[in-house]
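Heads up: the structure comes next, in structure tokens.
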Amino acid sequence: MSIELDRPGLLTAMISPGSRAAPGDGRRTPRDWVVDVTFVVLGMGLSVIGLAIPDGSRLDPPVGLHVTIGVLAALSLMLRRKWPLQVALVLIVLSAFFPTVGSSSGLALFSLAVHRRTLVSVLGCVAAALSCLVQFWIYPPARSIPYVYWMVVSLTSLLCVAVVAWGIVVRTRRQLMVSLAERARRAEEEQELRVEQGRRRERERIAREMHDALGHRLSLLSVHAGALEFRPGMPSDELAQAAGVIRSSARECMEDLREIVGVLRAPDSTVPGDRRPQPGLVDVDALVEESRAAGMTVILTPLPSPPDSIPPATGRHGYRIIQEGLTNARKHAPGQPVTVVLSGAAGNGLSIEIRNPLVAGVPGDGSRVGLVGLAERAKLAGGTLDHGPTSTNCFRLHAWLPWPALG
16 MSIELDRPGL LTAMISPGSR AAPGDGRRTP RDWVVDVTFV VLGMGLSVIG
66 LAIPDGSRLD PPVGLHVTIG VLAALSLMLR RKWPLQVALV LIVLSAFFPT
116 VGSSSGLALF SLAVHRRTLV SVLGCVAAAL SCLVQFWIYP PARSIPYVYW
166 MVVSLTSLLC VAVVAWGIVV RTRRQLMVSL AERARRAEEE QELRVEQGRR
216 RERERIAREM HDALGHRLSL LSVHAGALEF RPGMPSDELA QAAGVIRSSA
266 RECMEDLREI VGVLRAPDST VPGDRRPQPG LVDVDALVEE SRAAGMTVIL
316 TPLPSPPDSI PPATGRHGYR IIQEGLTNAR KHAPGQPVTV VLSGAAGNGL
366 SIEIRNPLVA GVPGDGSRVG LVGLAERAKL AGGTLDHGPT STNCFRLHAW
416 LPWPALG
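Counted the way this note's numbering counts, the sequence shown spans residues 16 to 422.
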């Protein structure tokens with residue numbers, strides 16, 4: 016049986032740090048174990064320097080006690096992640112009386128600067144400098160050299176300052192890395208949110224196009240199919256005409272469905288014949304004739320200016336609004352005349368007004384899904400839409416769409 020090591024995972028674990036925000040709260044990573052063991056070994060190895068106690072010292076404990084205290088101090092560095100302040104203070108105090116603890120106290124001071132804020136690190140550095148004063152007063156380096164005491168104290172204090180400064184730099188760098196990682200995580204979440212919002216808008220667009228395009232065709236098909244149902248004995252020529260209208264409406268529904276799916280899948284497609292031209296106000300006459308063929312009375316007031324001068328997007332939105340208005344009138348006011356008035360000019364906008372008398376006993380509100388879709392369409396186009404009953408017992412649908420001036 017062979018054991019396969021995950022080399023990338025092992026390498027990442029060896030170089031990635033453990034818990035930085037709250038030391039000691041997380042488990043040690045392999046890198047943490049390597050650093051901790053290195054600190055202990057350095058603390059034990061450098062403590063040997065403290066054994067070189069010069070003659071003439073005021074206190075002279077047994078060397079074995081110095082070695083024991085130095086070893087215990089080095090081993091206590093394993094606790095520096097959980098209690099960095101406590102370990103540093105204890106070792107700084109002990110280093111004043113036991114020179115073998117000096118190296119371990121310096122490593123603890125570095126760890127304190129890494130894991131605690133700057134003020135705490137500075138106070139620890141001051142405590143270390145005071146400990147140097149006491150230590151070299153108890154264990155003077157050399158009495159024969161003038162001012163050697165102050166030289167050694169100054170150099171040791173500068174070393175403590177360098178250790179603390181190094182620890183602060185490491186802490187700042189880690190905080191920067193954590194901040195950058197948090198920013199990257201937030202940016203990724205925001206990107207996912209934007210993608211999800213885009214998907215939702217696309218679904219709403221699909222639903223709106225399906226409702227606007229197919230609702231009109233299906234309502235016409237329903238009207239003619241109802242005529243066949245309630246007049247089974249109609250003459251053969253009328254039956255053939257109604258069947259032709261149903262077949263034509265069904266074919267138009269399939270073409271509209273294929274058109275919508277094609278546009279949504281490839282909105283930038285430029286292959287000839289890949290999709291039909293989008294309907295606009297130039298197709299309103301044909302739309303009105305379809306409604307009249309279904310038995311509606313539609314009075315159309317066209318634009319005074321040619322419809323082909325309207326921007327394609329405005330014309331497409333206007334066509335869909337008129338289409339949905341006629342569908343609602345046929346559904347909620349059957350047999351009533353419908354008035355469609357188009358007005359406006361370039362620079363003033365396009366105005367669409369659809370009126371039909373209200374019919375008693377026929378629900379006038381419905382699900383309002385179509386009207387909500389029209390309001391969203393007008394808003395996306397930069398226009399407005401309002402609807403509701405009037406004082407003359409009519410239902411009025413009015414939309415305004417922007418029509419930029421030419422030139």
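Every residue, glycine too, gets a C-beta built ideally from N, C-alpha and C.
| Asked | Found |
| --- | --- |
| To the nearest angstrom, report how far apart Leu94 and Ala123 are at their CA atoms. | 10 Å |
| Please classify Pro23: is it buried, with 16 or more other beta-carbons within 10 angstroms of its beta-carbon, or exposed? | A caution first: Pro23 carries a pLDDT of 40, below 50, which makes its placement in the model too unreliable to give a value. |
| Can you check which of these residues, Thr133, Ile337, Asp47, is closest to Trp181 by C-alpha distance? | Thr133 |
| Quick one: what's got a C-beta closer than 6 Å to Arg331's C-beta in the same chain, skipping five residues either side? | Gln293, Gly295 |
| Are the Cβ atoms of Asn371 and Ala344 separated by less than 9 Å? | yes |
| Mind listing, in chain order, the continuous beta strand (DSSP E) runs of no fewer than 3 residues lying wholly within the region 80-161? | none |
| Out of curiosity, what's the CA-to-CA distance linking Asp418 and Cys268? | Sequence inspection shows Trp at residue 418; the Asp mentioned does not correspond to that position. Straight-line Cα distance between these residues: approximately 30 Å. |
| Kindly give me the distance between the Cβ atoms of Val178 and Phe125, rounded to whole angstroms, as I take these residues to be in contact under 8 Å. | 5 Å |
| Under the DSSP definition of a beta bridge, which residues are partnered with Trp415? | Ser366, Thr399 |
| Less than 9 Å separating the beta-carbons of Ile336 and Arg392? | yes |
| Assign Ser406 to one of three DSSP states: helix, strand, or coil. | coil |
| How is Ser172 classed by DSSP in three states: helix, strand or coil? | helix |
| DSSP puts Val356 in a beta bridge; with which residues? | Thr316, Glu368 |
| Residue range of the alpha helix (DSSP H) that Ser306 falls in? | 299-308 |
| Tell me whether Ala348 sits in a helix, a strand or coil according to DSSP, three-state version. | coil |
| Between Ser234 and Lys346, is the Cβ-Cβ spacing less than 9 Å? | yes |
| Applying the criterion that 16 or more other CB atoms from any shown protein chain within 10 Å of the CB defines a buried residue, is Tyr162 buried or exposed? | exposed |
| So Leu296 is in the alpha helix (DSSP H); what residue range does that whole segment cover? | Premise fails: Leu296 is in no alpha helix (DSSP H) and is neither H nor E. |
| Since Cys140 contacts Val176 with CB under 8 Å, what's their CB separation in whole angstroms? | 6 Å |
| Give me the Cβ distance between Pro327 and Leu357, rounded to the nearest whole Å; I'm assuming they're in contact under 8 Å. | No, Pro327 and Leu357 are not in contact; Cβ-Cβ is about 16 Å, not under 8 Å. |
| What are the start and end residues of the alpha helix (DSSP H) that includes Arg46? | 45-61 |
| Helix, strand or coil for Leu373, going by three-state DSSP, please let me know. | coil |
| Could you check what DSSP says for Met249 in three-state terms: helix, strand or coil? | coil |
| Quick check: the region 199-212 against the region 149-157, are there 3 or more CB pairs under 8 Å? | no |
| What is the rounded straight-line gap between the Cα of Leu170 and the Cα of Leu109? | 20 Å |
| Taking just the CA atoms, how far does Leu302 sit from Ala240? | 19 Å |
| Going along the chain, which residues of its own chain have a beta-carbon closer than 6 Å to the beta-carbon of Glu368, five neighbours each way excluded? | Val356, His413 |
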